[in-house]
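Participant:
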Amino acid sequence: MRKWVLSGILASEETYLSHLGAILLPMKPLRAAATTSQPMLTIQQIETIFFKVTELHEIHKDFYNALLPRVQEWCHNQCVGDLFQKLVTLLYKPVDRVTRSTLVLHDLLKHTPSSHPDYPLLQDALRISHNFLSSINEEITPRRQSMTVKKGENRQLLRDCFMVELVEGSRKLRHVFLFTDLLLCAKLKKQTAGKGQQYDCKWYIPLSDLTFQTIEDSEATPIPQVQEEEIDAMKIRISQIKNELQREKRTTKGGKAMERLRKKLSEQDSLLLLMSPSMAFRVANRNGKGFTFLISSDYERAEWKDIIREQQKKCDFSLTSLELQMLTNSCVKLQTVHTIPMTMNKEEDESSGFYGFLNVIVHSASGLQQSLNLYCTLEVDSFGYFVNKAKTRVYRDSTEPKWNEEFEIELEGSQTLRLLCYEKCYNKAKQNKEDGESTDRIMAKGQIQLDPQTLQSKDWQRTVITMNGIEVKLSMKFTSREFSLKRMPSRKQSGVFGVKISVVTKRERSKVPLIVKQCVEEIERRGMEEVGIYRVSGVATDIQALKGAFDANNKDVSVMMSEMDVNAIAGTLKLYFRELPEPLFTDDLYPNFAGGIALSDSVAKESCMLNLLLSLPEPNLVTFLFLLDHLKRIADNESVNKMSFHNLATVFGPTLLRPSEKDSKIPANATQPITMNDSWSLEVMSQVLYSSEGKS
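Under UniProt numbering, think of the first position of the sequence shown as 1, with each following residue one higher.
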């Protein structure tokens, strides 16, 4: 990521240098003519027109020539902070180049570990740059007047981002700007020919008047929920459009087809951003008028609250209607987030994060000042927004909790892992009531970037996340999607994992493997109403313990299962199907299933799917019908467990139905998305479930 950020500034510098070079071209003949009897311009006029252009060209040329070889000969410990220190010290005009350099420094620091030797140099360069921009803000110009609060005080932009606002039950995309003394909610106007970006202020609240609302304080309308199958369908469309873009890029030089696909991708990105968040973040002004934003993560909600509360301690407010208009106009220049945080931000041929499975062990926490009941949750970004993926057990009444719990988290283009520590509140009278639900208190939060160089190693990587004086120790190991779904025959003569289903059923003298029966029975006994059953990760150590017990034909396996979290049992069942030497729907029939889904006639498609199912070997067919009955009962409880047939197809599709090794076009690069095969698997699996639901 550091190299990618620097490659961007190199490209920008090349363009800027070419522009400066073009300006310098007429300067020499004009300067030479100025000493003749008939000068076109005087020396004074030339100095005014070409003010400091030569010096600017030299500064940027030296910066570019010094940065280029460092990027070309890139290594993990490469330092560039000294170059930016020199650049921001020398460069005073034009301001836009300083702003660009400041944004680059922010991006570099975001992806530079605090232990890296470049970190203090980059921090110092950013400090110098900020100081310079603050002095520029004091200049008396129409655009900068809007940034003045009182004499000697500056209104500064602290952060901005795209958010979804709930307006009369409808979702609206907004750009939210947090200044040192007010929160401004703006809408980006539609661009007209010849005009650049413009914002329209929807509302603002002085921070001194802002309060955070609970659902009891407000007359809040219910949050409109979007079905998960709609969200998944958007993700599939985004993946398919990106694959089409890749093909167009390889076969043509761009043109109208590329532009059309990019426009479609942008539309789907915007739609996904608009529809995906469902967590309320409510604010109100002095008069009690409330505004509701929808966000996807408790992490972001806590971040916004923390920074606003900190700023409320020291803010002073003054704003006229004219200043409000000027402030809104200045947002175009001041914004740091220019595009929605989705796939359009990335070039089509770039690696856009990790696709596969991240095993995370949450070891322990230290630094607590008092004994607490503490648990942790893990979030990763998926398609531009963050999703809660795992939760540890509550470690009770301790200053040094030791969880030592392992989770397997699926990554979909993920770049960041977030960790939140919560204090579990058992006393309902003392619980914080926010947004309609009893919530536990966030004690600390932190995040780490998923580093390709580190995670490409097959060994466990230990790390520490430090936050608010609390340190949480983690270990991580990444497995690419290609490798995690590779069918590996078992080396053992006995056991059930990695052994053909026909061998297991013959040995056990049963029509359905006992592992499938026992897992299903336990899940139906106490997991039918578990929210996200089959989607939420179980503790990996429990799953491995169950795997070992089933392989060893342990007679106490039922007792073990009764004492384990039901998500671990669901994870064991998924792992069994994933480790079969070939998928349940077999390698031979995969092309037929893929062909059947392409049929346009719904009756023909349903008939094709049913005939293909009947073509399966008997153990495979009977096992699938047993599983299907179970999944139907799960889906019957969708109103409670949130698992529809579509959601279940999302989970089981790539596991039960996958192309054979020789037919698969999966790329070897671990960080590349494998979208087409997963999209086919999901579509086929959905059709199989729906076609056979009433016929099984």
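Glycine included, every Cβ here is placed at the ideal spot set by N, Cα and C.
Going straight from the alpha carbon of residue 496 to that of residue 588, what length do you get?
Facilitator: About 22 Å.
Participant: Excluding the 5 residues preceding and the 5 following residue 367 in the sequence, name in chain order all residues of the same chain whose CB lies nearer than 6 Å to its CB.
Facilitator: Cβ within range, chain order: 469, 470, 471.
Participant: Do you know how far the Cα of residue 528 is from the Cα of residue 626?
Facilitator: Taking the straight line from one Cα to the other gives about 16 Å.
Participant: In whole angstroms, what is the alpha-carbon distance linking residue 3 and residue 355?
Facilitator: Rounded to the nearest angstrom, the two C-alpha atoms are 21 Å apart.
Participant: Alpha carbon to alpha carbon, what distance is there between residue 293 and residue 197?
Facilitator: Answer to the nearest angstrom: the Cα atoms are 23 Å apart.
Participant: Looking only at C-alpha atoms, which of 87, 70, 111, 636 sits nearest to residue 452?
Facilitator: The shortest Cα separation from residue 452 among 87, 70, 111, 636 belongs to 111.
Participant: For residue 209 and residue 286, I'd like the C-alpha separation in whole angstroms.
Facilitator: Using only the alpha carbons, I get a separation of about 5 Å.
Participant: Specify the secondary structure class of residue 706 as computed by DSSP and reduced to three states.
Facilitator: In the structure as shown, the chain starts at 1 and stops at 696, and residue 706 therefore has no counterpart that could be examined.
Participant: Which residues in the same chain have their Cβ closer than 8 Å to the Cβ of residue 524, if we skip the five residues on either side of it in sequence?
Facilitator: Closer than 8 Å at the Cβ level, and outside the excluded window around residue 524, lie 630, 633.
Participant: Given 8 Å as the limit, is there contact between the region 49 to 64 and the region 18 to 36, that is, 3 or more CB pairs closer than that?
Facilitator: As far as the Cβ criterion goes, the region 49 to 64 touches the region 18 to 36, which means the pair count is three or higher.
Participant: For the candidate residues 458, 377, 358, whose alpha-carbon lies nearest to that of residue 421?
Facilitator: It is 377.
Participant: With C-beta atoms as the reference, is residue 535 less than 8 Å away from residue 387?
Facilitator: Going by C-beta atoms, residue 535 is not nearer than 8 Å to residue 387.
Participant: Can you tell me whether residue 75 is buried or exposed, with buried defined as 16 or more other CB within 10 angstroms of its CB?
Facilitator: By the 10 Å Cβ count, residue 75 comes out exposed.
Participant: Taking the C-alpha atoms as reference points, what is the distance between residue 19 and residue 55?
Facilitator: Taking the straight line joining both Cα atoms gives about 14 Å.
Participant: Compute the Euclidean distance between the alpha carbons of residue 330 and residue 199, then round it to the nearest angstrom.
Facilitator: C-alpha separation (whole angstroms): 9 Å.
Participant: Whole alpha helix (DSSP H) runs in the UniProt domain "PH" (156 to 313) with 4 or more residues, listed along the chain?
Facilitator: Fully enclosed alpha helix (DSSP H) runs of 4 or longer: 228 to 251, 256 to 275, 298 to 312.
Participant: Mind checking which residues open and close the beta strand (DSSP E) that includes residue 381?
Facilitator: Note, residue 381: beta strand (DSSP E), 372 to 382.
Participant: From this set, 300, 426, 279, which residue's C-alpha is nearest residue 214's C-alpha?
Facilitator: Of the candidates 300, 426, 279, the one whose C-alpha sits nearest the C-alpha of residue 214 is 279.
Participant: How far does the beta strand (DSSP E) with residue 363 in it extend, from its first residue to its last?
Facilitator: Its beta strand (DSSP E) spans residues 354 to 366.
Participant: List the endpoints of the continuous beta strand (DSSP E) containing residue 453.
Facilitator: Looking at the DSSP string, residue 453 is not in any beta strand (DSSP E); the run it does join, the alpha helix (DSSP H), is 452 to 455.
Participant: Starting from residue 527 and walking both ways along the alpha helix (DSSP H), at which residues does that stretch end?
Facilitator: Per DSSP, residue 527 belongs to no alpha helix (DSSP H) and is neither H nor E.
Participant: Suppose you measure from the CA of residue 8 to the CA of residue 374; what does that come to, to the nearest Å?
Facilitator: Each residue's Cα considered, the two are about 42 Å apart.
Participant: Can the beta-carbon of residue 622 be found less than 8 Å from the beta-carbon of residue 504?
Facilitator: Not closer than 8 Å, so no.
Participant: Considering only DSSP beta bridges, list what residue 402 is partnered with.
Facilitator: Answer is 364, bridged to residue 402.
Participant: What residue range does the alpha helix (DSSP H) around residue 45 cover?
Facilitator: From DSSP, the alpha helix (DSSP H) with residue 45 extends over 43 to 49.
Participant: What's the call for residue 40, buried or exposed, on a 16-neighbour Cβ count within 10 Å?
Facilitator: When all chains shown are included, residue 40 counts as exposed.
Participant: In three-state DSSP terms, what is residue 582?
Facilitator: Here residue 582 sits in coil by DSSP.
Participant: Enumerate in chain order the residues of its own chain whose CB-to-CB distance from residue 1 is below 6 Å, with the five nearest sequence positions on each side excluded.
Facilitator: Cβ neighbours of residue 1 beyond the five flanking positions: 111.
Participant: Is any non-hydrogen atom of the ligand ADP found closer than 7 Å to the C-beta of residue 633, if you look at the structure I gave you?
Facilitator: Of ligands this structure carries none, so the ligand ADP is not represented either.
Participant: For residue 397, which of 406, 372, 412 has the nearest alpha-carbon?
Facilitator: Answer by Cα proximity: 372.
Participant: Note down the Cα distance separating residue 520 from residue 507, rounded to an integer number of angstroms.
Facilitator: Rounded to the nearest angstrom, the two C-alpha atoms are 20 Å apart.
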